[in-house]
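**Q**
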Amino acid sequence: MAEANTPVQAAATDEIEAAWHQIVRQLSATDHRTRHGSATENDEAVLQEMRITLGLAFAGEVLRLAGLIQDLRRTATSRPGTP
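Numbering (this note's numbering), first residue to last: 1087 to 1169.
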């Protein structure tokens, strides 16, 4: 993942990265159980929960970036002599 520039960005990046790694580990474990015929409905429920967690982490990052863009636009329009 890209290097974070601010503490807020670092926290968001860490959250997304942690969720991603958790999903990769769970998928690997589920694949192993499926190959050995022992996968359960619980595996699917866990994957669904992690998909939601990752989606929320990405949504939070999108909102954070939208806020930064809004702040930049406000700063740009508040400068004297800015069209």
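A virtual CB, placed ideally from N, CA and C, is assigned to each residue, including glycine.
Would you call the region 1138-1153 and the region 1118-1125 in contact, with 3 or more CB pairs under 8 Å?
**A** The region 1138-1153 vs the region 1118-1125: no contact.
**Q** For a quick check, are the C-beta atoms of L1133 and W1106 less than 8 Å apart?
**A** On the sequence shown, position 47 is the one that residue 1133 refers to. On the sequence shown, position 20 is the one that residue 1106 refers to. For L1133 and W1106, no; Cβs fall outside 8 Å.
**Q** Out of A1143, A1104, L1113, L1142, which one is the CA nearest neighbour of A1131?
**A** Here residue 1131 is taken as the residue at index 45 of the sequence shown, counted from 1. Looking at the Cα atoms, L1113 is the closest of the given residues.
**Q** Could you tell me whether the Cβ atoms of A1162 and I1102 are closer together than 8 Å?
**A** In the sequence shown, residue 1162 corresponds to position 76, counting from 1. In the sequence shown, residue 1102 corresponds to position 16, counting from 1. Going by C-beta atoms, A1162 is not nearer than 8 Å to I1102.
**Q** Is G1146 helix, strand or coil by DSSP?
**A** Translated into positions along the sequence shown, residue 1146 becomes position 60. G1146 falls in the helix class under three-state DSSP.
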